[in-house]
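J.: Got a structure here, written out as structure tokens. Questions coming.
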Amino acid sequence: TKLEKNAFCLITDSGTVPEESLYFKVPSVTIRETTERPEFIEAGFNIISGLESNDILRSVSIITSNEIKGEWDPNFGNGQTSTKVLNIITGKFNRIKYLE
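70 is the number that the working numbering gives to position 85 of the sequence shown; each next residue is one higher, with no gaps.
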């Protein structure tokens, strides 16, 4: 994470690195044709380059020429997801035991 935090630009084929770049306010380029996280592109933190080297270089130039001003709320819930999942699983097991 220290490298990411101090980077000029992150270049990745990962779907999660753009989220980390957003946290550190470092621009990122995703080397893919599509992404499952378009909200990072919409917020101005990430750009999809495609796979060609010229397109990657152009994308780095574009994303690093803009000051990252976008705001994005990284809150993915209330922190209770594990508890909810555990309750659902426990409830299923209890129902199975009851039916036996």
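Quick reminder that beta carbons are idealized off the backbone N, C-alpha and C, glycines included.
Is it buried or exposed, ASN79, if we count other Cβ atoms within 10 angstroms and call 16 or more buried?
T.: Exposed, since its Cβ has fewer than 16 Cβ neighbours within 10 Å.
J.: Below 8 Å, can you find three or more Cβ-Cβ pairs linking the stretch 0 to 9 to the stretch 18 to 27?
T.: Because the criterion of three Cβ pairs below 8 Å is met, the stretch 0 to 9 and the stretch 18 to 27 touch.
J.: With a CB to CB cut of under 8 Å and the five nearest residues on each side skipped, what residues in its chain are close to ILE26?
T.: Closer than 8 Å at the Cβ level, and outside the excluded window around ILE26, lie THR20, ILE32, ILE33.
J.: Considering only their Cβ atoms, is the gap separating VAL11 from PHE(-7) smaller than 9 Å?
T.: Against a cut-off of 9 Å, the Cβ pair of VAL11 and PHE(-7) comes out as a contact.
J.: With ALA(-4) as the anchor, note down where its beta strand (DSSP E) starts and where it stops.
T.: Checking the sequence, you will find Ile at residue -4 rather than Ala. Its beta strand (DSSP E) spans residues -5 to -3.
J.: Please state the DSSP three-state secondary structure of ILE16.
T.: The answer is coil: DSSP assigns ILE16 none of H, G, I, E or B.
J.: In angstroms, rounded to a whole number, what distance separates the CA positions of LYS(-13) and PHE9?
T.: So the two alpha carbons sit approximately 10 Å from each other.
J.: Does DSSP put ASN31 in a helix, in a strand, or in coil?
T.: Strand, per DSSP.
J.: Say whether chain C places a C-beta atom closer than 9 Å to the C-beta of GLU5.
T.: Annotation note: the requested chain C is absent from the structure, which comprises a single protein chain.
J.: From ASN39 to ILE16, what distance separates their C-alpha atoms?
T.: Between ASN39 and ILE16, the C-alpha separation is close to 12 Å.
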